[in-house]
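Read the structure below first, then the notes.
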Amino acid sequence: MTETRTGGAGACGMTAGAGAGCGAAPGEDPDSLSCLMAQAALGHRVLLAALLAEIGLYPGQDRVLNALWANGPMSQNRLAAAVGIDMSTMTKSLQRLERGGFVSRAPSPGNRRISVVSTTPEGDALRPEVRRVEEELHRRLSDGLTPEQVETLRSLLGVVRRNICRETASSPISGTELPVTVTASR
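The letter at position 144 of the sequence shown is residue 144 when you use the UniProt record's numbering, and the numbering goes up by one with no holes.
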């Protein structure tokens with residue numbers, strides 16, 4: 001994804017109030033909650049991808065590593081469930097992490113059909129860098145907000161996340177689950 005910035009453009013090349021990228025139909029309010037959340041989500045993804053690229057990771061690989069650091073070696077199925085992604089996405093992510101030397105997969109001693117994923121010493125060495133990325137992302141996202149506003153935003157987004165999870169749980173087109181827990185240092 002290439003980001004183009006022009007004079008006066010805000011995050012992700014969007015001008016405040018222009019509704020760029022939010023999918024607002026003609027006549028819809030580009031400053032609606034839906035548009036603002038879409039713009040914030042896009043900006044978050046673009047910024048996180050850029051920060052992760054600096055340390056040689058793709059988006060989502062930080063979540064895989066965080067799950068392994070928090071829980072230790074895990075089966076590939078359990079890891080996919082912990083991160084909240086489908087198995088095909090997990091397989092692709094693990095292949096890239098293996099090529100980078102950050103994780104290894106081995107057959108489970110109890111059931112050789114099950115693959116157990118572990119971090120390697122090279123993967124463990126990334127831990128401080130991933131923490132730095134998380135802290136930098138938090139710093140940039142909360143720039144201009146007071147600590148109280150950050151806590152209020154966190155609380156409100158938690159409510160929105162629960163609403164989305166509730167609504168998508170019964171959706172026949174959802175196909176993916178949203179993780180309800182996030183492990184990140186602050």
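For glycine and all other residues, C-beta sits at the position ideal for the given N, C-alpha and C.
The DSSP-derived three-state label of Ser142 is coil.
Residues of the same chain with a CB within less than 8 angstroms of the CB of Arg96, apart from the 5 flanking positions on each side, are Tyr58 and Gln61 in chain order.
Around the CB of Gln149, fewer than 16 other CB atoms lie within 10 Å, so the residue is classed as exposed. Of the candidates Ser104, Leu157, Gly100 and Pro107, Leu157 places its Cα closest to the Cα of Met37. Contact between Val103 and Thr119 is confirmed by a C-beta separation of about 6 angstroms, below the 8 angstroms threshold.
Under a 10 Å Cβ-count criterion, Gly43 is classified as buried, with 16 or more other Cβ atoms of the shown protein chains found around its own Cβ. The alpha-carbon of Gly144 is positioned some 12 angstroms away from that of His138. Comparing C-alpha distances from Ser93 to each of Pro107, Gly72 and Gly56 shows the shortest one belongs to Gly56. Straight through space, the alpha carbons of Arg45 and Leu51 are spaced by roughly 10 angstroms. With contacts defined by Cβ atoms closer than 8 angstroms, Ser108 and Ser155 do not form a contacting pair.
In the three-state DSSP reduction, Arg166 falls in the helix class (H, G or I). Excluding the 5 residues flanking it on each side, Met87 has same chain C-beta neighbours closer than 6 angstroms at Ala80, in chain order. Here Val83 is not near Arg113, since their CB atoms are 8 angstroms or more apart. With a beta-carbon spacing of about 10 angstroms, Val117 and Leu65 fall beyond the 8 angstroms limit used to define contacts. Contact check for Leu47 against Arg140 passes: the beta carbons are separated by less than 8 angstroms. Closest option to Glu129, judged by alpha-carbon separation, among Gly72, Ile164 and Ala53: Ala53. Taking C-alpha positions only, Arg131 is separated from Arg105 by approximately 24 angstroms. Under the rule that a run must span 4 or more residues, the alpha helix (DSSP H) segments found entirely inside the UniProt domain "HTH marR-type" (30-162) read 33-54, 61-71, 76-83, 87-99, 121-125 and 127-141.
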